[in-house]
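Student: The structure is given below, and queries will be raised subsequently.
Dropping the structure here:
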């Protein structure tokens, strides 16, 4: 048996025992350590520990998750004053004119009980594009500078599968589904994740017991285009990742999909 060993969690009490015999990359037997122990079989003991199967998350956005950990999260903002202070602080940390992007905006927990409009955000920051993603990932809010960067005007037609919210004054800045894409594309790469940030994020997941994920990755377009080319980021980190990524590429054409698959395969 290749690399056979016995993993023992001493404090576990249950019908199935407290030990697992592993060999050749598979679980061979489960039971009480007294029954599984044999001469020559190495033991790994974890006093007070428990043994659980590795966690598999079938639908996960690794690059977006890394961005959440390293970028501007707005989930705990309590009202517009708090939100504006966070955005201004972020803007002050960036180069002049660099876009401000944020995530996990939650209108349900804001005192105002609504999403900010582009006019609200313009009152806080008007000298650079601002794009804020709602926590659901399917709605975002842009200020006027971001809409201008994307070439979106009052006469812009709603895209298939999305919409630009409007009121009596025209565009509100609220973007739904595919309407996020042109604004995000205009800010492409402005919130790109580094290889190190992705590795750190996946290492943190491994520490929680996650062993593999179904990784949703884009090619630098779509509603999260400001993150950059996610396929390229994952490929560059592939040999350093502590968990398995089974990539599901979000692509617009078969050729793009094929090219991404070849790139990921060659990256390991």
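Numbering (the working numbering), first residue to last: 125 to 392. Note that beta-carbon positions come from the ideal geometry of N, C-alpha and C, so glycine has one too. It should be emphasised that the depicted structure is a prediction, and the values quoted were computed from it without experimental measurement.
#1: Is the beta carbon of residue 297 less than 8 Å from the beta carbon of residue 266?
#2: Any idea if residue 260 is buried or exposed, counting beta-carbon neighbours within 10 angstroms, 16 or more meaning buried?
#3: With the cut-off set at 8 Å, would you say residue 175 and residue 144 are in Cβ contact?
#4: In the structure shown, what three-state DSSP assignment does residue 222 receive?
#5: Does the separation of the CB atoms of residue 311 and residue 367 fall below 8 Å?
#6: Kindly provide the ranges of any alpha helix (DSSP H) runs that are 4 or more residues long and lie completely inside the region 252 to 279, ordered along the chain.
#7: I'd like the list of long-range same chain contacts for residue 210, defined as Cβ closer than 8 Å, with 5 residues on each side in sequence excluded.
#8: For my contact list, residue 194 and residue 321 are in at a C-beta cut-off of 8 Å; report their separation, rounded to the angstrom.
#9: Are there 16 or more other CB atoms within 10 angstroms of the CB of residue 184, so buried, or fewer, so exposed?
#10: Please report the distance separating the alpha-carbon of residue 248 from that of residue 212.
#11: Please look up how many angstroms separate the CB atoms of residue 369 and residue 358, rounded, as I've assumed it's under 8 Å.
#12: What is the rounded straight-line gap between the Cα of residue 244 and the Cα of residue 205?
#13: On the DSSP bridge list, what partners appear for residue 370?
#14: Suppose the cutoff is 7 Å on Cβ atoms and the five residues either side in sequence are ignored; what does the same chain contact list for residue 326 look like?
#15: Might you give, ordered along the chain, the residues of its own chain that have their beta carbon closer than 8 Å to the beta carbon of residue 129, omitting 5 neighbours on each side?
#16: With a 10 Å radius around its C-beta and 16 neighbouring C-beta atoms as the bar for buried, classify residue 171 as buried or exposed.
#17: Do the CB positions of residue 228 and residue 192 come within less than 8 Å of each other?
#18: Restricting to Cα atoms, I'd like to know which of 132, 149, 180 is closest to residue 160.
#19: Tell me, please, whether the region 271 to 284 touches the region 292 to 307 by the rule of three or more beta-carbon pairs shorter than 8 Å.
#20: Within the same chain, show all residues whose beta-carbon is closer than 7 Å to that of residue 323, passing over the 5 residues directly before and after it, in chain order.
#21: Could you check how far apart the C-beta atoms of residue 331 and residue 181 are, in whole angstroms? I think they sit under 8 Å.
Tutor: So, from the data block:
#1: Residue 266 is positioned such that its CB atom lies closer than 8 Å to that of residue 297.
#2: Exposed is the label assigned to residue 260, since fewer than 16 other Cβ atoms lie within 10 Å of its Cβ.
#3: Yes, the Cβ-Cβ distance between residue 175 and residue 144 is below 8 Å.
#4: Here DSSP, grouped into helix, strand and coil, assigns residue 222 to coil.
#5: Cβ distance not < 8 Å, so residue 311 and residue 367 don't count as in contact.
#6: Counting only runs that start and end inside the region 252 to 279, the alpha helix (DSSP H) elements of at least 4 residues fall at 268 to 273.
#7: The beta carbon of residue 210 sits closer than 8 Å to those of 196, 198, 201, 226, all from its chain and outside the five residues before and after it, given in chain order.
#8: Here residue 194 really is in contact with residue 321; their C-beta atoms are around 5 Å apart, less than 8 Å.
#9: Buried, by the Cβ-count rule.
#10: Cα to Cα, the separation comes out at about 7 Å.
#11: Their Cβ separation, rounded to whole angstroms, is 6 Å, which keeps residue 369 and residue 358 in contact under 8 Å.
#12: C-alpha separation (whole angstroms): 11 Å.
#13: Under DSSP, residue 370 forms a beta bridge with 338.
#14: 186, 365, 366, 367.
#15: In its chain, beyond the 5 residues on either side, 145, 146, 147, 165, 166, 167, 168 have a beta carbon closer than 8 Å to the beta carbon of residue 129.
#16: With fewer than 16 Cβ atoms within 10 Å of its Cβ, residue 171 is classed as exposed.
#17: Residue 228 is a Cβ neighbour of residue 192, given a cutoff of 8 Å.
#18: With distances taken between Cα atoms, residue 160 lies closest to 132.
#19: The region 271 to 284 vs the region 292 to 307: in contact.
#20: Closer than 7 Å at the Cβ level, and outside the excluded window around residue 323, lie 361, 364, 365.
#21: Their Cβ separation, rounded to whole angstroms, is 14 Å, which puts residue 331 and residue 181 out of contact at 8 Å.
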